[in-house]
Amino acid sequence: MGVRPPSSGDDEEPDSIEFGIAAVDARLKDADLRFPATKDDVNAALGHERIPYDVHGNDVALSEMLERVPAQQFDSRQELLNALHEPFEEYRRNRSGGVVAQVRSLLPF
Numbered sequence: 001m002g003v004r005p006p007s008s009g010d011d012e013e014p015d016s017i018e019f020g021i022a023a024v025d026a027r028l029k030d031a032d033l034r035f036p037a038t039k040d041d042v043n044a045a046l047g048h049e050r051i052p053y054d055v056h057g058n059d060v061a062l063s064e065m066l067e068r069v070p071a072q073q074f075d076s077r078q079e080l081l082n083a084l085h086e087p088f089e090e091y092r093r094n095r096s097g098g099v100v101a102q103v104r105s106l107l108p109f
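Read in order, the letters of the sequence shown correspond to residues 1 to 109 in UniProt numbering.
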């Protein structure tokens, strides 16, 4: 997941804010982790990383998200990301401020 921040009015293209599995994917690209990988392998390589789970920058340890995944091994990076998708979504839903807060997070003011 990623959301573009509001434009500051200049012509420069704003950076996107990565959160959830998009943020995990960005960290996986920089990690020394090969697939297939076990949950323990992922935890050892990235479990300490704090991953933003919403556009406000609230974060959670990847190790906590891995605990919510039933699979013990991942044959590919995409398989890991797919397994983490629902735990991140559930975590975000349970910690959001409701519909109004979600709409406000998308507005530029």
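Virtual Cβ for every residue (Gly too), placed ideally from N, Cα, C.
Which of helix, strand or coil DSSP assigns to F19: Collapsing the DSSP output to three states places F19 in coil.
A60 versus P36: straight-line alpha-carbon distance, rounded: Looking at the sequence shown, residue 60 is not Ala but Val. Rounded to the nearest whole angstrom, the C-alpha separation of V60 and P36 is 24 angstroms.
Tell me V60's beta-bridge partners as DSSP assigns them. Bridge partners of V60: I51.
So, are the CB atoms of L33 and V42 less than 8 angstroms apart? Between L33 and V42, the C-beta gap is smaller than 8 angstroms, which places the two residues in contact.
If you run the structure through DSSP and keep just helix, strand and coil, what is F35? Looking at F35 - three-state DSSP - the assignment turns out to be coil, as it is neither helix nor strand.
Got a sec, what are the start and stop residues for the alpha helix (DSSP H) Q78 sits in? If you look at Q78, you'll find it in the alpha helix (DSSP H) that goes 77-95.
Tell me whether G57 is buried or exposed, calling it buried when 16 or more other Cβ atoms sit within 10 Å of its Cβ. Under this definition G57 is an exposed residue.
According to the neighbour-count rule (16 or more other Cβ atoms, all chains shown, within 10 Å of its Cβ), is D75 buried or exposed? Exposed: under 16 other Cβ atoms inside 10 Å.
What residues in its chain sit with their C-beta under 6 angstroms from that of P52, if we drop five residues either side in the sequence? Around P52: F19, A23, D59.
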